[in-house]
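Everything below concerns the one structure shown next.
There are 2 protein chains.
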Amino acid sequence: MNVLIIGAVAAGMSTASKLRRLDDSIKITVLEKGRDVSYGACGLPYFLSDLIPKEKQLIARTEEQFIEQGINLLINHEALNVNHIDKTVEAMNHETGEKVLFHYDKLVIATGTSPIRLPVKGKELKGIHTLNSLEDGRNLKIALNQPNIKRIAVVGGGYIGLEVAENLVEMGKEVIVIERENRVLTKFSKLVSTITHEELLKHGVVLNLNETVTAYEGDAFVSKVITNDASYQVDLVIEAIGVRPNTKFLDNLPLERLKNGAIVTNKRMETSIKDIYAAGDCVAYYHRILKNSQSFVPLGTHANKAGRVIAENIAGLNSTFEGVIGSSVLKVFDLEIARTGLDLEEATLHNIHANRVHITAKDRAGYYPDATKIDIEIIYNEVNCQLLGAFMIGKKGVAHRINTLATAISAGMTAEDYSALDYAYAPPFSPVYDPVQVATNQIKCKK
Amino acid sequence: MNVLIIGAVAAGMSTASKLRRLDDSIKITVLEKGRDVSYGACGLPYFLSDLIPKEKQLIARTEEQFIEQGINLLINHEALNVNHIDKTVEAMNHETGEKVLFHYDKLVIATGTSPIRLPVKGKELKGIHTLNSLEDGRNLKIALNQPNIKRIAVVGGGYIGLEVAENLVEMGKEVIVIERENRVLTKFSKLVSTITHEELLKHGVVLNLNETVTAYEGDAFVSKVITNDASYQVDLVIEAIGVRPNTKFLDNLPLERLKNGAIVTNKRMETSIKDIYAAGDCVAYYHRILKNSQSFVPLGTHANKAGRVIAENIAGLNSTFEGVIGSSVLKVFDLEIARTGLDLEEATLHNIHANRVHITAKDRAGYYPDATKIDIEIIYNEVNCQLLGAFMIGKKGVAHRINTLATAISAGMTAEDYSALDYAYAPPFSPVYDPVQVATNQIKCKK
Chain A
138 MNVLIIGAVA AGMSTASKLR RLDDSIKITV LEKGRDVSYG ACGLPYFLSD
188 LIPKEKQLIA RTEEQFIEQG INLLINHEAL NVNHIDKTVE AMNHETGEKV
238 LFHYDKLVIA TGTSPIRLPV KGKELKGIHT LNSLEDGRNL KIALNQPNIK
288 RIAVVGGGYI GLEVAENLVE MGKEVIVIER ENRVLTKFSK LVSTITHEEL
338 LKHGVVLNLN ETVTAYEGDA FVSKVITNDA SYQVDLVIEA IGVRPNTKFL
388 DNLPLERLKN GAIVTNKRME TSIKDIYAAG DCVAYYHRIL KNSQSFVPLG
438 THANKAGRVI AENIAGLNST FEGVIGSSVL KVFDLEIART GLDLEEATLH
488 NIHANRVHIT AKDRAGYYPD ATKIDIEIIY NEVNCQLLGA FMIGKKGVAH
538 RINTLATAIS AGMTAEDYSA LDYAYAPPFS PVYDPVQVAT NQIKCKK
Chain B
138 MNVLIIGAVA AGMSTASKLR RLDDSIKITV LEKGRDVSYG ACGLPYFLSD
188 LIPKEKQLIA RTEEQFIEQG INLLINHEAL NVNHIDKTVE AMNHETGEKV
238 LFHYDKLVIA TGTSPIRLPV KGKELKGIHT LNSLEDGRNL KIALNQPNIK
288 RIAVVGGGYI GLEVAENLVE MGKEVIVIER ENRVLTKFSK LVSTITHEEL
338 LKHGVVLNLN ETVTAYEGDA FVSKVITNDA SYQVDLVIEA IGVRPNTKFL
388 DNLPLERLKN GAIVTNKRME TSIKDIYAAG DCVAYYHRIL KNSQSFVPLG
438 THANKAGRVI AENIAGLNST FEGVIGSSVL KVFDLEIART GLDLEEATLH
488 NIHANRVHIT AKDRAGYYPD ATKIDIEIIY NEVNCQLLGA FMIGKKGVAH
538 RINTLATAIS AGMTAEDYSA LDYAYAPPFS PVYDPVQVAT NQIKCKK
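As given, the protein sequences belong to chains A and B, one line each in that order.
For the working numbering, count along the first sequence from 1 and bump the result up by 137.
For the working numbering, count along the second sequence from 1 and bump the result up by 137.
See below:
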């Protein structure tokens, strides 16, 4: 059996490694268009500020380690198109400039995403960066360490934008965040955005909301960002406005995809074409609350898990990826910001009669030193009091508490079920009533 | 309706407060043998070292606040006996020395525990303390702050013993822990004990295992602890060898109790006698994994929840306390130490074919600064791979992670179910595979 994998970061290399461990007779070939493999892209913002000093720290396993494992890993090989009838992939070897044809019995697409770029005047100027790949990080880090790079515009107030903004402040840069919506972190609640705004301002980030970048100006190198409302002198720009799946090279295939190009997969991580699997940031996952395969949630955790599932299915086991519910967490300066499950809008959109409670509580016993405030919002089904989702924000005790809710939501628990859970308690870690239980206690369930 | 509550700490005052909020026509009388009400006993070890400087910080609500709420709170009133036929309680008013008779329609027993004392020679000497009540804490704090109190023996290496030992070290005391078993924290795994031993030694605690105290010596004030193996010069002794329910005054009643005196309760927190409820550290709770009412788990979380349940049932709602599973957490110097569910011995004792996995992992992404080791042990049912229990120990990321397992165990999840959960991930908080999922991934489930 001949397994061909396109893409050598999280999903691709999880598949390759797991498959090799399951079966050492299968021929495994991996095509990677760049030169970096198996790196932790989530660490890139921290690599910029030298919190993580060396890029090799981000490498989970090296090219050499994969080759030693008997995986035919070909870097600088870019897949150009797939023929699902002949079961072949044509690729460009960027080292030789030659096209090469690869045959497959099973194909795995794990091509990840590319950053969406603003299609504005001046977009070709030097000094406009993105941060999606290790290569991006390497280039950006060099650029940031040039003399006179002091004032930086971050375009986009999502996860990456804010993680980057924090690390730029740590480097002593002046940071302007430009966000076209009226709040940052639009995938979180308004309350979360408001609290995050305060935190950003407290750390000296200049926040410009409701502003759309209309042009970049400069003499070869960007020196000004023009928006609908203002203009900013800058030394460098980082765009972080979102990503799109790298699936354009599949346009000729009758492959079910979302509008943004994400490949639709079932729980076995199969695509709509026989013998073609897909995983990682280029796919749409099964959503375990909404019970459909429409969720574009490009996160490393899913890539790793889904990659393993593909390997197990190719090796003849019957394995499923049970899907996503929309859990995520990020650090913004001293805040832990997390969500899981559905928000009120998503629930309503799917015809669920949802409601929300909001409480504030201390992360630990009020009498214990350094107790800090946590805000918790819980989204629940009004009909049966089933838990649907949550937002949580605070200085401490958020990042793991959110996963107790992720567990409860996946188990189909009601608010009352959650309130009854026997949670470990000691004053340094929690109040006697866990803050999440304080929130679920507010939800009155019909018996 | 006339509701009489005996005991005014967590369970008693939770019942009283909740009941008053539910129904302002009910007459509520609370008898408290001491003078302290509604305090957070779990904070007492930290009160000793002035980490929590003032005792009023430990008071959730004051006597005055309860009285304002229309609760007839009588301190210095000790219940002497209960007549369940006449529905009366005889009490001693320690202020006047008079006996008083109280009638009840519903009685709530929330008398807590008393420390078990070593019945050894010299036990009546001064300078031998326990730490169970606020009164104990107040007396002990004064004693510890006397000049020349430098060397202290803590007898018992359980929760309280170790929390006290830590706080004594923080106060600059020399601390000797004497434990009769071959390890501390016997309610945790051997691995947890071993790691805890290292932590105690690192912080200068002298640890004497396999030693039983046989006598105290001294001239009015204790100055020497004699064990089966050695003797120790000390300035003060703190005994922390366990507690027993304060239920001796109920000996004349046909009340179902465990051998240690704990009152057996059902999920409605009813005892075996009509119109008598009980909650808090004096009861045995329903165990939701073992499905029986035999669990003596004297912890504040249960007291608060069970108290509310009693109030709801008295008020005519139909409320249940879903029970305990054995979750707990404590801080010992720089360690977070937690457990939930069954250990291997408990499972085996109840005829469950159980097994255990153990892994070590980092609490956050390995490349992120200050990543520290967590040890995780999971106990599971070998037949169906259902999760039964867990131990976890590490410097960070333990105290709340244990509650994801408490949730999963209560939901009846298998290892495979847990491994499939969508957990929030970011490098400052977790590796891309959560450590607990690394552990559950090791458990191979039959399909």
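Idealized CB from N, CA, C, for every residue including glycine.
Whole-angstrom distance between residue j and residue i, CA atom to CA atom
| i | j | result |
| --- | --- | --- |
| Val575 of chain B | Thr438 of chain A | 12 angstroms |
| Leu467 of chain A | Phe386 of chain B | 55 angstroms |
| Gln283 of chain A | Gly298 of chain A | 21 angstroms |
| Asp559 of chain B | Asn269 of chain B | 41 angstroms |
| Asp356 of chain A | Ser432 of chain A | 42 angstroms |
| Ile513 of chain B | Leu338 of chain A | 40 angstroms |
| Gly149 of chain B | Leu427 of chain B | 27 angstroms |
| Leu244 of chain B | Asp571 of chain A | 28 angstroms |
| Pro565 of chain B | Gly180 of chain A | 9 angstroms |
| Cys115 of chain A | Ser430 of chain A | Residue 115 of chain A is absent from the model: chain A starts at 138 and stops at 584. |
| Leu238 of chain B | Leu392 of chain B | 21 angstroms |
| Asp418 of chain A | Tyr562 of chain B | 15 angstroms |
| Val226 of chain A | Ser556 of chain B | 33 angstroms |
| Thr323 of chain B | Asn521 of chain B | 28 angstroms |
| Glu483 of chain A | Thr497 of chain A | 24 angstroms |
| Asn540 of chain B | Lys499 of chain B | 18 angstroms |
| Val434 of chain A | Ala421 of chain A | 7 angstroms |
| Ile332 of chain A | Ile451 of chain B | 42 angstroms |
Three-state secondary structure assigned by DSSP to residue i
| i | result |
| --- | --- |
| Pro182 of chain B | helix |
| Asn492 of chain B | strand |
| His231 of chain B | coil |
| Lys339 of chain B | helix |
| Asp356 of chain A | strand |
| Gly463 of chain A | coil |
| Pro382 of chain A | strand |
| Thr577 of chain B | helix |
| Val140 of chain B | strand |
| Arg476 of chain B | strand |
| Phe470 of chain A | coil |
| Leu346 of chain A | coil |
Residue i versus the options, residue with shortest Cα-Cα distance
| i | options | result |
| --- | --- | --- |
| Ile378 of chain B | B:Ala448, B:Arg254, B:Ala452 | B:Arg254 |
| Val306 of chain B | B:Lys287, B:Gly460, B:Val371 | B:Lys287 |
| Val167 of chain B | B:Ile246, B:Val520, B:Ser556, B:Leu188 | B:Ile246 |
| Ile580 of chain A | A:Ser430, A:Ala148, A:Leu524, A:Lys339 | A:Leu524 |
| Thr351 of chain B | B:Ile363, B:Asn345, B:Val359, B:Tyr183 | B:Ile363 |
| Asn389 of chain B | B:Leu217, B:Ile208, B:Phe358, B:Leu479 | B:Leu217 |
| Ile196 of chain A | B:Tyr504, B:Met529, B:Glu514 | B:Tyr504 |
| Val312 of chain A | A:Ala415, A:Lys155, A:Glu303 | A:Glu303 |
| Tyr517 of chain B | B:Arg538, B:Lys263, B:Lys499, B:Ile489 | B:Ile489 |
| Gly274 of chain B | B:Glu192, B:Gly295, B:Glu300, B:Tyr241 | B:Glu192 |
| Gly294 of chain B | B:Ile279, B:His340, B:Val314 | B:Val314 |
| Ala552 of chain A | A:Tyr562, A:Ser567, A:Arg493, A:Val535 | A:Arg493 |
| Asn403 of chain B | B:Arg538, B:Val342, B:Asn455 | B:Asn455 |
| Gly234 of chain B | B:Ile222, B:Glu200, B:Lys170 | B:Lys170 |
| Leu248 of chain B | B:Ala147, B:Met529, B:Glu354 | Looking at the sequence provided, one finds Thr at residue 248 of chain B rather than Leu. It is B:Ala147 whose Cα lies nearest to the Cα of Thr248 of chain B. |
| Ile143 of chain B | B:Asp187, B:Phe203, B:Gln206, B:Ala228 | B:Ala228 |
| Val301 of chain A | A:Ile375, A:Arg425, A:His240 | A:Ile375 |
| Gly453 of chain B | B:Arg394, B:Ala484, B:Arg405 | B:Arg405 |
| Asn220 of chain A | A:Tyr353, A:Thr541, A:Met308, A:Leu141 | A:Leu141 |
| His424 of chain A | A:Lys396, A:Asn397, A:Glu459 | A:Glu459 |
| Lys260 of chain B | B:Val401, B:Glu354, B:Thr457 | B:Glu354 |
| Ser465 of chain B | A:Ala527, A:Ile400, A:Thr544, A:Val569 | A:Val569 |
Secondary structure, alpha helix (DSSP H): runs of 4+ residues fully inside the region 256-306 of chain A: 271-281
Any contact between the region 454-471 of chain A and the region 170-179 of chain A? By contact I mean 3 or more CB pairs, one from each, below 8 angstroms. no
Ranges of the beta strand (DSSP E) found wholly within the region 387-416 of chain B, counting only runs of at least 3: 413-415
To test your reading of the DSSP string, which unbroken beta strand (DSSP E) runs of 3 or more residues are found completely within the region 147-196 of chain A? 164-168
I want to know whether the region 504-524 of chain A touches the region 435-454 of chain A - three or more CB-CB distances under 8 angstroms. no
Evaluate contact between the region 541-555 of chain A and the region 403-412 of chain B, counting only Cβ atoms and requiring at least three cross-stretch pairs below 8 angstroms. no
Does the structure place the region 198-216 of chain B close enough to the region 157-166 of chain B that three or more beta carbon pairs sit under 8 angstroms? yes
Could you tell me which whole alpha helix (DSSP H) segments of length 4 or greater appear in the region 315-339 of chain B? 327-339
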